[in-house]
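Remarks on the structure that follows.
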Amino acid sequence: MASDLVSRLRDLLGPSGLITDPADLAGYSIDWRKLFPGTPLAVVRPANTAEVAAVVALCRDSGTALVPQGGNTGMAGGAVPDKSGTELVLSLSRMNALREVDPVGLTLEAEAGVVLKVAQDAAAAVGRLLPISLAAEGSATVGGVIATNAGGVNVLRYGMARSLVLGLEVVLPDGTVANGLRRLRKDNAGYDWKQLFIGTEGTLGIVTAAVLRIVPAPKFSVTALLSVPNPQAALDLLACAQDELGDCISAFELIAGSSLQLVEKHFGLKRPIADGDWFVLIEAASSLSGLREAAETALGNALEQGFALDGTVAESGRQAADLWMLRERITESEAKEGKSVKHDVSVPIPLIPQFLVEAGEALAAKAPGTRVNCFGHLGDGNLHYNILIDGHAPDDVNRIVHDVVQRFGGSISAEHGIGQYRVVELERRRSEGELALSRRIKTALDPQDIMNPGKVLSRAAGPRFEAQ
Numbered sequence: 001m002a003s004d005l006v007s008r009l010r011d012l013l014g015p016s017g018l019i020t021d022p023a024d025l026a027g028y029s030i031d032w033r034k035l036f037p038g039t040p041l042a043v044v045r046p047a048n049t050a051e052v053a054a055v056v057a058l059c060r061d062s063g064t065a066l067v068p069q070g071g072n073t074g075m076a077g078g079a080v081p082d083k084s085g086t087e088l089v090l091s092l093s094r095m096n097a098l099r100e101v102d103p104v105g106l107t108l109e110a111e112a113g114v115v116l117k118v119a120q121d122a123a124a125a126v127g128r129l130l131p132i133s134l135a136a137e138g139s140a141t142v143g144g145v146i147a148t149n150a151g152g153v154n155v156l157r158y159g160m161a162r163s164l165v166l167g168l169e170v171v172l173p174d175g176t177v178a179n180g181l182r183r184l185r186k187d188n189a190g191y192d193w194k195q196l197f198i199g200t201e202g203t204l205g206i207v208t209a210a211v212l213r214i215v216p217a218p219k220f221s222v223t224a225l226l227s228v229p230n231p232q233a234a235l236d237l238l239a240c241a242q243d244e245l246g247d248c249i250s251a252f253e254l255i256a257g258s259s260l261q262l263v264e265k266h267f268g269l270k271r272p273i274a275d276g277d278w279f280v281l282i283e284a285a286s287s288l289s290g291l292r293e294a295a296e297t298a299l300g301n302a303l304e305q306g307f308a309l310d311g312t313v314a315e316s317g318r319q320a321a322d323l324w325m326l327r328e329r330i331t332e333s334e335a336k337e338g339k340s341v342k343h344d345v346s347v348p349i350p351l352i353p354q355f356l357v358e359a360g361e362a363l364a365a366k367a368p369g370t371r372v373n374c375f376g377h378l379g380d381g382n383l384h385y386n387i388l389i390d391g392h393a394p395d396d397v398n399r400i401v402h403d404v405v406q407r408f409g410g411s412i413s414a415e416h417g418i419g420q421y422r423v424v425e426l427e428r429r430r431s432e433g434e435l436a437l438s439r440r441i442k443t444a445l446d447p448q449d450i451m452n453p454g455k456v457l458s459r460a461a462g463p464r465f466e467a468q
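Here's what the structure looks like:
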């Protein structure tokens with residue numbers, strides 16, 4: 001059956017639309033963190049939505065699982081196949097047309113394979129901003145961003161990817177195409193079905209195109225790095241900045257001093273202000289003049305009140321980029337340091353200081369010898385609370401951290417998704433009612449469990465549908 005399916009796919013897609021050579025499959029077979037190796041049956045590369053629908057129909061008839069893959073930059077192993085050699089990887093890289101940018105209606109329509117940076121540049125070319133900003137924006141694709149409901153540094157002001165999606169085109173598990181590529185800000189006609197496919201990691205259908213909301217590009221921006229005495233002072237600084245700058249604040253990042261030490265150690269990048277235990281990176285943007293004066297007033301007030309100990313404001317775009325480079329190199333520095341266990345968590349913003357205390361105490365008691373590498377988006381409650389492992393560490397580091405997260409009413413995945421990495425933890429911590437509802441939705445749309453099986457939810461009981 002597998003060879004027959006491959007033959008049909010070759011006839012359908014042509015030589016450029018099908019990859020079967022093991023050497024060429026390697027890049028599609030493992031996530032970028034090298035944690036989840038798999039063995040695909042083949043990689044299909046359809047060139048348009050009709051071909052996607054035809055591929056899905058063939059998989060439906062043969063009971064073959066499909067794993068959609070964008071830029072393969074995810075952190076949870078959600079875009080790679082298992083080791084069975086029976087799953088197809090569906091790459092949307094050939095569907096990379098940027099169809100239209102409307103600077104007046106403030107919309108951008110793109111196929112799923114468009115690289116996020118390409119879409120950002122297209123918006124910028126007409127004086128507009130696509131405000132999804134990620135470290136992987138040079139590789140991540142529009143379809144992958146939507147499928148994972150990606151976040152990034154601008155969530156504080158603009159929201160997650162979900163907040164920017166106006167319309168979707170999706171291929172359903174039975175091969176049906178649902179075309180909802182509407183550019184409307186207000187559309188209350190029936191179910192808002194597109195929400196079912198945002199953040200569900202390809203387990204309910206395949207996003208093939210999208211209409212995204214863009215915004216006027218701010219004309220002025222201010223970037224500053226400040227040292228703060230502790231996380232509570234960082235929250236006080238956030239409140240102070242909100243009072244003075246309102247919704248001009250686009251990013252508010254909390255960074256442990258030890259994280260910047262790793263960046264200095266592995267990349268030689270030096271912070272422009274004195275050493276400290278905690279730092280805050282702030283960016284504000286506006287199209288109105290006077291932003292810098294307002295920002296300097298806010299930061300001056302913070303220094304006077306003791307919320308900040310020292311600080312620097314970027315004098316140019318280059319200096320702003322240098323400050324952001326300190327933040328963006330943290331993950332790479334962590335990888336160079338050695339083994340780590342990553343946690344992408346969120347807790348209610350006012351509780352973050354106490355969460356940090358209790359999580360640190362729990363690790364000290366149950367996983368001595370580990371080190372915390374903490375940084376993240378304080379302004380929206382999302383922390384990357386990563387644990388550096390020196391030698392052997394308990395297998396339940398995830399559970400230790402997530403137990404504290406749960407006590408604080410938080411989430412074990414703020415923006416990276418569940419993939420295959422967090423399935424067991426999600427099912428352990430979600431209520432049975434929530435899990436039952438999720439399974440009912442999955443069964444209703446994908447009764448054969450062929451859409452990215454084993455991701456987000458555990459695999460359906462029993463074998464997949466067998467072709468008659």
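Residue numbers for the sequence shown follow our numbering, so the first one is 1 and each next one is one higher. Each residue gets a CB set at the ideal place from its N, CA and C atoms; glycine is no exception.
Residue environment, residue i, which counts as buried when at least 16 other CB atoms sit within 10 Å
i, result
"S7", "exposed"
"Q305", "exposed"
"Q420", "buried"
"D82", "buried"
"W193", "exposed"
"T73", "buried"
"E315", "exposed"
"G152", "buried"
Short Cβ contact (9 angstroms threshold) for residue i with residue j
i, j, result
"L326", "V280", "no"
"I198", "Y158", "no"
"E334", "N373", "yes"
"T208", "M95", "yes"
"R45", "L92", "yes"
"A178", "A161", "no"
"A362", "V401", "yes"
Residue i - partner residues in DSSP beta bridges
i, result
"A209", "E111, E169"
"G376", "L254, L383"
"P68", "L90"
"V280", "L226, L254"
"G311", "L226"
"F36", "According to DSSP, which records beta bridges pairwise, F36 is partnered with nothing at all."
"D344", "H384, S413"
"D102", "T107"
"M451", "L66"
"P216", "R128"
"G180", "L168"
"A285", "S221"
Residue nearest to residue i in terms of C-alpha spacing, selected from the options
i, options, result
"A53", "L41, T39, A42, P68", "P68"
"L35", "R183, S340, T176", "S340"
"K455", "V424, V114, L437", "V424"
"Q232", "P216, G246, L254", "L254"
"A50", "A147, V89, T176", "T176"
"S84", "A65, G410, L166", "A65"
"N452", "P15, V397, A284, G38", "G38"
"K219", "K186, L291, N154, P350", "L291"
"S163", "I146, D31, A320, G27", "I146"
"G14", "D236, A362, V55", "V55"
"R213", "I389, K342, A308, L168", "L168"
"A367", "D344, N398, G17, V104", "N398"
Same chain, Cβ closer than 8 angstroms to residue i, five either side skipped, listed in chain order
i, result
"N230", "D277, W278, P353"
"I418", "A76, G78, E201, L426, K455, V456"
"V170", "V177, A178, G180, K194, F197, G205, I206, V207, T208"
Residue i Cβ short of 8 angstroms to the ligand NAD heavy atom set
i, result
"D344", "With respect to the ligand NAD, the structure offers nothing, as it holds no ligand at all."
Neighbourhood of residue i by C-beta, 7 angstroms cutoff - its chain only, sequence neighbours within 5 removed
i, result
"R329", "V263, F267, L269"
"T20", "V6, A42"
"I273", "L225, S227, D310, G311, T312"
"A47", "G17, R94, M95"
"V118", "L98"
"E296", "V313"
6 angstroms Cβ shell around residue i - same chain, five flanking residues per side excluded
i, result
"E109", "R99, E100, V211"
"S458", "V423"
"A460", "D449"
"S259", "I330, N373, F375"
"G70", "T141, G143, G144"
"F408", "V347, L351, F355"
"S289", "none"
"A136", "T73"
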